[in-house]
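Undergrad:
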Amino acid sequence: MPTNDKDITLRKAQKGNRKAQKALYDEFRVYLFGVASLYANSKEEAEDMLLEGFYRILKDLKSYNGKGELRAWMRRVMVNSSLMYLRKYRKWEQVRTYHTESTLSIPDNIDFTVNERVQSILILIRSLPEPQRIIFSLKAIEGYTYKEIAEKLSIKEVTLRSHYMRARQSLQNVLQKELK
2 MPTNDKDITL RKAQKGNRKA QKALYDEFRV YLFGVASLYA NSKEEAEDML
52 LEGFYRILKD LKSYNGKGEL RAWMRRVMVN SSLMYLRKYR KWEQVRTYHT
102 ESTLSIPDNI DFTVNERVQS ILILIRSLPE PQRIIFSLKA IEGYTYKEIA
152 EKLSIKEVTL RSHYMRARQS LQNVLQKELK
């Protein structure tokens, strides 16, 4: 079985080669920053999450056995690291707060033209209140079950469902209104 440059870089990075680790960081940093930014409240916080998450990736890289795509494995590590960051640096009680707002305010920089829809939807998701944004991202984007999310966040499933449904409804309302 022929090996390619990415396989060689991965093997070197797993053995602790700093140049190979830097090459992995350079290749995946933009993608992983996007993942972290779904859970962050600011660009700076997303950058911190990226650094902590990539540190965790490098630390755990030896456990990556090559089954499945490296990018998917890194994404899982980044999501878990972002959630650990939230627990570590923010009062998790804030995530458990209930928002009664049923409407979502639309940021001024939203552009719903065909070329900008994905970016616009991500901006909308990022503008959701924190508990809704985190839960929506874990459920709708990452594909976790309510049970898995409840375990990760130490929140009751019924509360998660409520936050998820509010987030989904808010996004649906805005998108239906703006895309007509």
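Sequential numbering of the sequence shown, starting at 2, is according to this note's numbering.
Cβ atoms here follow ideal geometry from the backbone N, Cα and C, with glycine treated the same way.
It should be emphasised that the depicted structure is a prediction, and the values quoted were computed from it without experimental measurement.
Compute the distance between the beta-carbons of SER83 and TYR145, then report whether it is under 7 Å.
TA: If you check the CB distance, SER83 and TYR145 do not come in under 7 Å.
Undergrad: Cutting at 6 Å between CB atoms, please list the residues of its own chain near ILE150, excluding the five before and the five after it.
TA: LEU139, LEU161
Undergrad: Is ARG88 buried or exposed, if buried means 16 or more other CB atoms sit within 10 Å of its CB?
TA: exposed
Undergrad: Ignoring anything shorter than 4 residues, give me the alpha helix (DSSP H) runs that lie fully in the region 9-41, in order along the chain.
TA: 19-38
Undergrad: Using alpha carbons as the reference points, say which of TYR147, GLU131, MET79 lies closest to PHE34.
TA: MET79
Undergrad: Answer yes if the region 117-137 comes into contact with the region 53-73, meaning at least three C-beta pairs across the two stretches below 8 Å, and no otherwise.
TA: no
Undergrad: Leaving out five residues before and five after ALA183 in sequence, what residues of the same chain have Cβ atoms less than 7 Å from its Cβ?
TA: Only positions 2 to 181 of the chain appear in this structure, which leaves residue 183 out of reach.
Undergrad: Use the C-beta contact count for ARG1: other C-beta atoms within 10 angstroms, 16 or more gives buried, fewer gives exposed.
TA: It is not possible to answer for residue 1, since the shown part of the chain is limited to 2 through 181.
Undergrad: To the nearest angstrom, report how far apart ALA21 and ILE9 are at their CA atoms.
TA: Roughly 9 Å between the two C-alpha positions.
Undergrad: Where does ARG167 fall in DSSP's three states?
TA: helix
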